[in-house]
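*Asks:*
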Amino acid sequence: MRKRTTIAAGVLSLSIAASLGIVAATTASATGSGRQSLSGSVPAWANAASKVGAAPATDHVGFRVYLGWRNAGQAEALAAGVTTPGSANYRQFLTPAQFRQQFAPAQADVVAVQQWLKNAGFTIDYTPQNNHYVAAEGSVAQAEAAFGTSISLYNKDGLVLHSPDSNLTVPNTLPSVVSVVGLDDSAALVRQAPEATPSPAFVNGKPCSSYWGEKTTANTTTLDGTVLPNANPGTPFAPCGYTPSQLESAYGVAPAVAAGNDGSGQTVAIIDAYASPTIAQDANAYSAAHGLPQFTGNQFAQHIAPGTLNHPESGAGNKKKGPVQDPQGWYGEETLDVEAVHAIAPGANILFVGAPNNYQDLDAALNDVVDKHLASIVSNSYGNSSENLP
342 MRKRTTIAAG VLSLSIAASL GIVAATTASA TGSGRQSLSG SVPAWANAAS KVGAAPATDH
402 VGFRVYLGWR NAGQAEALAA GVTTPGSANY RQFLTPAQFR QQFAPAQADV VAVQQWLKNA
462 GFTIDYTPQN NHYVAAEGSV AQAEAAFGTS ISLYNKDGLV LHSPDSNLTV PNTLPSVVSV
522 VGLDDSAALV RQAPEATPSP AFVNGKPCSS YWGEKTTANT TTLDGTVLPN ANPGTPFAPC
582 GYTPSQLESA YGVAPAVAAG NDGSGQTVAI IDAYASPTIA QDANAYSAAH GLPQFTGNQF
642 AQHIAPGTLN HPESGAGNKK KGPVQDPQGW YGEETLDVEA VHAIAPGANI LFVGAPNNYQ
702 DLDAALNDVV DKHLASIVSN SYGNSSENLP
């Protein structure tokens, strides 16, 4: 199940620096051989029992080398301050330029990483303005030589996936490197839908609850009278869903919206994977059905983060095989997000930022929104897979 997260973009720049830059998915440690090891590089599913054999040397790999933030301790303190009522720094957000100046990796460090990757034979795809990562691509053989490991094929849930066999290493001359994301095929564990045509509508199946916990397997049978197994005190049935007026009432914003405090002047960025081809007309149809205003002018827009469009994630290391995720499922997620934001803040601008997959490029999309301050609020309606961003 995807996890919903909504955060203020002004805080997010600091939050990334503080919470993600300090607690990384991988940690670097010296190996005594002129290289540092990035612990945590191997996913749990890549084990001896599931190993199939060596990966073909010519298989394609695409990955991102993440650099740690400068002055991470100061970033953590600022992140706490801007989000703590009563603090002298409460809501005193940094601009993207200020954040880059104080915390972004040094340009010299980025150039050093880029040059090292080029010397190893990789193609450099993209580096964002805040220097948080360098995206590159190449072959399995190049990755094995550059990162001091071997890459093998593993059997997981009926799929044959790539993964490093041991922790990656990088030269000690690149101390700013804190993580490498993308050298394993964890993204392939999300299965592809056979078609990606948006469904006409979504309605929760019966029985469903008016509120969470109202109906459970302990007190409600199915429509045909079946008594379902239940755990004490009973497994709840999902809510039936709520109308915009019910949502406004539940959150206590109905009087504010009626008075004109409806989000006008603010932009909410919604980050998901893919992009429903019918989202604008779907949202306007939903608005018409529930008495909400239609989108006007440029109130709704869509954006693709640089460095993502031409490189969808793909299975078994071969980008020609195309995406392995579920576009149709994400269409429903996107539609839910857009309609919910418009219901609560009908005057707000909505910027949908769609990644071409639900793995590395979700991270790139989020980084792009924050780095360029494309919105004042960010809504993330998803969780992560196996990686945590540094």
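First residue of the sequence shown: 342, per my numbering; consecutive thereafter. Quick reminder that beta carbons are idealized off the backbone N, C-alpha and C, glycines included.
Whose CA, out of 409, 438, 429, 479, lies closest to the CA of residue 446?
*Replies:* Checking every option, the nearest Cα to that of residue 446 belongs to 409.
*Asks:* Return the residue from the list 692, 501, 674 that minimises the CA-CA distance to residue 642.
*Replies:* Checked all of 692, 501, 674; the closest Cα to residue 642 is 692.
*Asks:* Taking one C-beta from the stretch 478-496 and one from the stretch 448-465 each time, how about it: are there three or more such pairs within less than 8 Å?
*Replies:* Yes: the two stretches touch, three or more of their Cβ pairs being nearer than 8 Å.
*Asks:* Buried or exposed for residue 553, please, with buried defined as at least 16 other CB atoms from any protein chain shown within 10 angstroms of its CB.
*Replies:* With fewer than 16 Cβ atoms within 10 Å of its Cβ, residue 553 is classed as exposed.
*Asks:* Across the stretch 672-679 and the stretch 429-438, are there enough close Cβ pairs to call them in contact, namely three or more that are closer than 8 Å?
*Replies:* Segments in contact, no.
*Asks:* How many Å lie between residue 592 and residue 584 at the Cα?
*Replies:* Residue 592 and residue 584: Cα-Cα distance of roughly 12 Å.
*Asks:* Measuring CA to CA, which of 511, 440, 404 is closest to residue 453?
*Replies:* Considering only alpha carbons, the answer is 511.
*Asks:* Whether or not the stretch 488-503 and the stretch 383-392 are in contact is what I'm after, with contact meaning three or more pairs of Cβ atoms, one per stretch, closer than 8 Å; do they touch?
*Replies:* The stretch 383-392 is in contact with the stretch 488-503.
*Asks:* Count Cβ pairs between the stretch 505-520 and the stretch 375-386 that sit closer than 8 Å; are there 3 or more?
*Replies:* Yes, the stretch 505-520 touches the stretch 375-386.
*Asks:* Taking all protein chains shown into account, decide if residue 524 is buried (16 or more other Cβ within 10 angstroms of its Cβ) or exposed.
*Replies:* Flag for residue 524 reads buried.
*Asks:* Quick check on DSSP: helix, strand or coil for residue 504?
*Replies:* Three-state result, residue 504: strand.
*Asks:* Between which residues of its own chain and residue 607 is the CB-CB distance below 6 Å, once the five residues before and five after are set aside?
*Replies:* Result list for residue 607: 689, 717, in chain order.
*Asks:* So for residue 675, helix, strand or coil by DSSP?
*Replies:* In this structure, residue 675 counts as helix in the three-state DSSP scheme.
*Asks:* Of all the options 599, 478, 566, which has the alpha carbon lying nearest to the alpha carbon of residue 648?
*Replies:* When only C-alpha atoms are compared, the closest one is 478.
*Asks:* Does residue 695 pass the burial test, meaning 16 or more other C-beta atoms within 10 Å, or should it be called exposed?
*Replies:* So residue 695 counts as buried.
*Asks:* From which residue to which residue does the beta strand (DSSP E) around residue 470 run?
*Replies:* Where residue 470 is concerned, there is no enclosing beta strand (DSSP E), given that its DSSP letter is neither H nor E.
*Asks:* Residues bridged to residue 415 by DSSP?
*Replies:* For residue 415, which the question treats as bridged, DSSP gives no partner whatsoever.
*Asks:* Could you check whether residue 396 and residue 481 sit closer than 9 Å to each other, using their CB atoms as the reference points?
*Replies:* Yes, these two residues count as a Cβ contact at 9 Å.
*Asks:* Which one of 721, 722, 406, 686 has the shortest CA to CA distance from residue 340?
*Replies:* Not covered by the structure: residue 340. The range shown for the chain is 342 to 731.
*Asks:* Measure the C-alpha to C-alpha separation of residue 623 and residue 679 and round it to an integer number of angstroms.
*Replies:* Their backbone Cα atoms lie some 10 Å apart in a straight line.
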